[in-house]
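Residue numbers (my numbering): 7 to 110.
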């Protein structure tokens, strides 16, 4: 009596993995998903348009430094109603803007 030929059936990939391999695969998939999400958020941030300027009368964030030409007192302005506001007065004179032009 002859035996019929045996056919090797393919073993599903997940059934061939050990518990350690399955855990490493799950960690790799989770890390890839986190990296993809972070990357998409970063790229999405670049795609957003610049917000419109605030309406007149609202304060804007500025970083301007002024120096009194008489007594050398320095003042840093952090909020103003305009991007380049009028200089403050000290010793009865307008203060000089010392912030570099590139920072305006």
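Glycine included, each C-beta is placed from N, C-alpha and C at the ideal position.
DSSP three-state assignment for residue i, whether helix, strand or coil
i: residue 82; result: strand
i: residue 30; result: helix
i: residue 65; result: coil
i: residue 49; result: helix
i: residue 42; result: helix
Beta-carbon gap between residue i and residue j smaller than 8 Å
i: residue 68; j: residue 53; result: no
i: residue 72; j: residue 94; result: yes
i: residue 96; j: residue 84; result: no
i: residue 103; j: residue 70; result: yes
i: residue 74; j: residue 46; result: no
Minimum Cβ-Cβ distance from residue i to chain B less than 8 Å
i: residue 27; result: As a matter of chain content, chain B is missing from the structure shown, which is built from one protein chain.
Supposed close pair residue i, residue j - CB separation, criterion 8 Å
i: residue 76; j: residue 99; result: 6 Å
i: residue 66; j: residue 89; result: 6 Å
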